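A.B. asks: Under our numbering, residue 295 is the last one in the sequence shown; the count climbs by one each step, no gaps. First, the structure itself, so that you have it in front of you.
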Amino acid sequence: MMTFSGLLGMAASGVATGRTWWDAVVDGGPVGFIIMALSIIALALCIIHFYQIRRPALLPVNHLQEVDRLLLSGDISAATTYCLDPQHDCFLTRVLGAGLSRYQASAFGVFEIKNAIEEAGQDQAARLYRSTDGLGVIGTIAPLLGLLGTVIGMVGAFESMSMSAGSNYEQLAANISMALVTTLMGLALAIPCVALFTWFRNRIDALASEAGREVERLVTHLESGAVAGGAPAMRSN
C-alpha cells in the first residue's frame, strides 16, 4: 500500500526532473488541453476588451468637442451628419446621433430627443455588456472543467488500484496527478476571468454614466434656447 511519504517522494522526484508547464498540461489529459485552449481565447478577449472599453474609444475628446461646437453654432443638421458618419462611429456619436435624428424628425423636439437618447444609451450599454459575456462564460465553466478532470482522474486511479491489486503505483500517481492538475488549471483560469469580467462591466457602467452626463450637457444647448427653431445662435462669451 502506498504511503503518504511515498506520494510526496514521487512528487518531489517530478519537481527535481525540471517539469515544465507543458508537462502539466499533458498530465491534465484532454480536459487539460481544453482548459489551455480556453485560456488562449480568454487572453484574446481580454486584449480586445482592454482596447474597446476605454474612454478614448467610447468618448473621443475630438468628437465631443466638434459636436459641442456644431450645436453651439446652431447647426443641428451638421451635428447630426457628423454623428451618423461611420468614420466618427463610437458610443457617444451613436447615442447622440439617435437623439438628434429623432429631434429633427419629430415635432415634439426636446421631449423626443430625451427618449431617443435614453433608448440608444441602454441599447449601446447592453451591446457592450454582451461583448463581455464570453469572458464570463469561460470564468464559469473553467472550474467545472477542472472538476470534470478531477473526477476522471480519480475514477482512473480507483480503476488502476482495482485492476493491479494495489501495486501499480505509477498509474495511480498519473491518475491522481491528472485529477489535481486539472483542478489547478481550472481555478487558475477562472479566478482572473471572473475578476476581469467584473472589472470590465464596472468600467462599462462608469463610461456609460460619463457618456450620459456629456450627452445631457450637449442637449442643454437645445433646451436652453441656444438653438432656437434650428437657427444659428451666437456663442456666449
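The beta-carbon is built from N, C-alpha and C at its ideal position, and this holds for glycine as well. These numbers were taken from a predicted model, which means no experiment stands behind them.
Measuring straight from C-alpha to C-alpha, what distance separates A100 and H146?
C.D. replies: If I take the Cα positions, the gap works out to 29 Å.
A.B. asks: Could you tell me which uninterrupted alpha helix (DSSP H) segments, each at least 4 residues in length, are contained entirely in the region 127 to 189, listed from first to last along the chain?
C.D. replies: Within the region 127 to 189, the complete alpha helix (DSSP H) runs of at least 4 residues are 134 to 142, 149 to 163 and 168 to 189.
A.B. asks: Between L280 and I171, which are expected to be in contact by the criterion C-beta below 8 Å, what is the C-beta distance as a whole number of angstroms?
C.D. replies: The Cβ separation is near 7 Å, so the contact holds.
A.B. asks: Along the chain, where does the alpha helix (DSSP H) containing L117 start, and where does it finish?
C.D. replies: That residue, L117, is in no alpha helix (DSSP H); it is neither H nor E in DSSP.
A.B. asks: According to the neighbour-count rule (16 or more other Cβ atoms, all chains shown, within 10 Å of its Cβ), is S235 buried or exposed?
C.D. replies: By the neighbour-count rule (16 or more Cβ atoms within 10 Å), S235 is buried.
A.B. asks: What does the alpha-carbon distance come out to for the pair A178 and L202?
C.D. replies: Cα to Cα, A178 sits roughly 37 Å from L202.
A.B. asks: Taking the alpha-carbon positions, what's the R188 to T240 distance?
C.D. replies: C-alpha separation (whole angstroms): 29 Å.
A.B. asks: How many angstroms separate the CA atom of Q123 from the CA atom of A163?
C.D. replies: Spanning the two alpha carbons is a distance of roughly 24 Å.
A.B. asks: Could you work out which residue in L193, L116 and L103 is closest to A183 when comparing CA atoms only?
C.D. replies: Nearest of L193, L116 and L103 to A183, Cα basis: L116.
A.B. asks: Secondary structure at I105, three-state DSSP: helix, strand or coil?
C.D. replies: Three-state DSSP puts I105 in a helix.
A.B. asks: Could you check how far apart the C-beta atoms of I196 and L247 are, in whole angstroms? I think they sit under 8 Å.
C.D. replies: That pair is a contact at about 7 Å.
A.B. asks: Note down, in chain order, each residue of its chain lying with its Cβ closer than 8 Å to the Cβ of G244, except the 5 sequence neighbours on either side.
C.D. replies: Excluding residues within five positions, the ones whose Cβ falls inside 8 Å are I93, A200, P201, L202, L203, G204, L205 and G207.
A.B. asks: Sorted by chain position, which residues of the same chain lie with C-beta nearer than 6 Å to G155's C-beta, five sequence neighbours on each side aside?
C.D. replies: Around G155: C141 and L142.
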